[in-house]
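Comments concern the structure below.
In the working numbering, the protein residues as written are 7 to 503.
Laid out in structure tokens, this is it:
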């Protein structure tokens, strides 16, 4: 499942690369960036977390009662979600110009008008996304994880093929339509197996069922807890439009790389530990849950810190390799690399916040992540406002995002220390501060090797950059692993003594 997720992210990065080569920071690039993130961000704010955290537990309980009960609940939930998402799509398409004027108020008139037209084309994807998320819940409840993890790879592959074949016939309008079709493709990929097995829910509109009411009761807290990521993305769009259209697009490209790299640590460890924590809390085994939480935080640090060090040290080489072609010139590469370097500092905090949020969901404390998002959003708004006032530019937008993510993580750590003190008294938790010197040595070694890598100049530029990134990352990671082995993280024998 993790391999399928990473493959999908790699294809998504390839899609972003080809788009950068094609559009650079043109007005079309700014318009597409402004329009494409809004339907997904609004869907994440309103539906995605609620579907995952409300539908799956309730569907599992209904299925344990009877297959008929589960089928009735899934049909009602499916129909209601499709209705809400269709209303959102219609309202969004109708008020697309107003939405663009609020989300990116400083885009030029022509760019804003183009973004509004593209947004009207793309809003229907919320319907397909709602259907895909619901069917994912049904499949995961039945123990089928690989297909849901693979569907985004299929849609990204479709987008890559479109971009490669478009050639001179490329149109940003056709690109937007292809983007919507890629979501339809995800929905159909999940629906066809369910239809063949006769498990496909027949959508019906029904708000009266007790299970629907239970989902609606839990949804607001879940939605509030999950609002931070899409809210930060929309805030970045809003404030970046005040800087310049070029900064608006460059941030979009840098954030794309950041989200893929940080997702390796966040989703891998988070998806693995969530069921285990839920089971332990359900049994009332708080001590075991505390040890599991401390272990999860240790693994998240072990994975995210060398990735953070690599991006800090190799951001310029990485952006040059990925985006430095076609219409994406040297100046854009430098700006994007600088933005990515600042964003990378949020990776450890993002990983910790994801683990802690899932821990609170697992024990039923759904209000805590929602409350923790409030100071993070306040930091985001205040930091961005100060950045605009003092002329922080793209640097200020990225620094504001990083500060907000750290505010979120630190708030969750404080709450976790109060709610689960046993977790922070474990051996694993006591070793967490020792990751800091290991990270410092890893980052220093990667930076030194990257600056002293004249040997790679013997090869053609693209091959040299690839070899440099690969070798520097491997050597730095080996040094990091040696450090955490010495401190006992990879040594179970030392723990037993």
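The beta-carbon is built from N, C-alpha and C at its ideal position, and this holds for glycine as well.
{"Query": "Contiguous alpha helix (DSSP H) assignments of at least 4 residues, all confined to the segment 198 to 272", "Result": "216 to 231 and 234 to 249"}
{"Query": "Cut-off 6 Å between Cβ atoms - residues of its own chain near residue 499, not counting five sequence neighbours on either side", "Result": "Here residue 499 scores only 43 on pLDDT, less than 50, and its place in the model should not be relied on; the value that follows carries that caveat. Excluding positions up to five away in sequence, the list is empty."}
{"Query": "Where residue 469 falls, given that 16 or more other Cβ within 10 Å makes a residue buried", "Result": "exposed"}
{"Query": "Other residues of its chain near residue 294: CB distance less than 7 Å, five sequence neighbours each side excluded", "Result": "286"}
{"Query": "Pick from 251, 234, 343 and 266 that is closest to residue 377, judged by C-alpha positions", "Result": "234"}
{"Query": "8 Å Cβ cutoff met for residue 172 and residue 157", "Result": "no"}
{"Query": "Backbone secondary structure at residue 372 - three-state DSSP", "Result": "coil"}
{"Query": "Under the three-state DSSP convention, the category residue 426 falls into", "Result": "coil"}
{"Query": "Three-pair Cβ contact test at 8 Å for the segment 124 to 134 versus the segment 38 to 50", "Result": "yes"}
{"Query": "Alpha-carbon spacing of residue 353 relative to residue 480, whole angstroms", "Result": "19 Å"}
{"Query": "For residue 493, the three-state DSSP class (helix, strand or coil)", "Result": "coil"}
{"Query": "Start-to-end residues for the alpha helix (DSSP H) that takes in residue 90", "Result": "73 to 100"}
{"Query": "Beta-carbon spacing of residue 127, residue 91 below 8 Å", "Result": "no"}
{"Query": "Rounded C-alpha distance that separates residue 263 from residue 360", "Result": "18 Å"}
{"Query": "Identity of the residue in 375, 452, 449 and 391 nearest residue 414 by Cα", "Result": "375"}
{"Query": "Cβ pair count under 8 Å reaching 3, the segment 19 to 27 against the segment 107 to 114", "Result": "no"}
{"Query": "CB of residue 304 within 8 Å of CB of residue 357, strictly", "Result": "no"}
{"Query": "Residue 184 beta carbon less than 8 Å from that of residue 106", "Result": "no"}
{"Query": "Straight-line Cα distance separating residue 253 from residue 12", "Result": "28 Å"}
{"Query": "Environment of residue 120 [buried if 16+ CB atoms lie within 10 Å]", "Result": "buried"}
{"Query": "Identity of the residue in 21, 152, 487 and 36 nearest residue 196 by Cα", "Result": "152"}
{"Query": "Test item: CB-CB of residue 346 and residue 325 under 8 Å", "Result": "yes"}
{"Query": "Other residues of its chain near residue 188: CB distance less than 7 Å, five sequence neighbours each side excluded", "Result": "161, 164 and 165"}
{"Query": "Own chain residues within Cβ distance below 6 Å of residue 18, not counting five before or after", "Result": "162"}
{"Query": "Close beta carbons around residue 240, own chain, < 7 Å, minus the five adjacent residues each side", "Result": "47 and 109"}
{"Query": "Sequence-distant residues of its chain with Cβ nearer than 8 Å to residue 256 (five each side left out)", "Result": "31, 338, 341, 342, 345 and 400"}
{"Query": "Candidates 245, 225, 124 and 251: closest to residue 50 by CA position", "Result": "225"}
{"Query": "Short Cβ contact (8 Å threshold) for residue 449 with residue 318", "Result": "yes"}
{"Query": "Burial state of residue 329, where buried means 16 or more other Cβ atoms lie within 10 Å", "Result": "buried"}
{"Query": "Of the listed residues 408, 14, 436 and 484, nearest to residue 192 (C-alpha basis)", "Result": "14"}
{"Query": "Cutoff 8 Å; reference residue 144; Cβ partners in own chain excluding five residues on either side", "Result": "65, 80, 200, 205 and 207"}
{"Query": "Residue 146 versus 190, 69, 215 and 213, residue with shortest Cα-Cα distance", "Result": "69"}
{"Query": "Nearest candidate by alpha-carbon position, reference residue 5, set 83, 170, 369 and 283", "Result": "This structure gives no information on residue 5, because the portion of the chain shown stretches from 7 to 503."}
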